[in-house]
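Peer 1:
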Amino acid sequence: MSEDWAGPDCFPPDNKAVPRQLLPVDPSWFLEPLKWIRDADEAPVSTHERRRRATEATFLIEQLEAHIEECNKP
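73 is the number that the working numbering gives to position 65 of the sequence shown; each next residue is one higher, with no gaps.
1. Under 7 Å Cβ to Cβ from I45, same chain only, skipping five residues before and after it: list those, please.
2. Specify the secondary structure class of K43 as computed by DSSP and reduced to three states.
3. Please report the distance separating the alpha-carbon of L30 from that of N80.
4. Just to confirm the assignment, what range does the alpha helix (DSSP H) spanning F38 have?
5. Could you check what DSSP says for N23 in three-state terms: helix, strand or coil?
6. Between the C-alpha atoms of R58 and T66, what's the straight-line distance to the nearest angstrom?
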């Protein structure tokens, strides 16, 4: 510990996080859906797989929209 801020009226400096640098979810969650988009082809996909992909894509869209709103706050 540093003695620079020792005393009754001194506090350690605040290390405030910048909201634009924080993500609401783990960034690795974006990899698989983005790979699906990148690797999309004409191969048929089962109904279950389509539903799973749609659910995960919807979740990511909601998270991104919430993050964008947070970053746009004054």
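Glycine is no exception: its CB is placed at the ideal position from the N, C-alpha and C atoms.
Peer 2: Based on what the coordinates show:
1. none
2. helix
3. 13 Å
4. Taken as a continuous stretch (DSSP letters only), F38 belongs to no alpha helix (DSSP H), as it is neither H nor E.
5. coil
6. 12 Å
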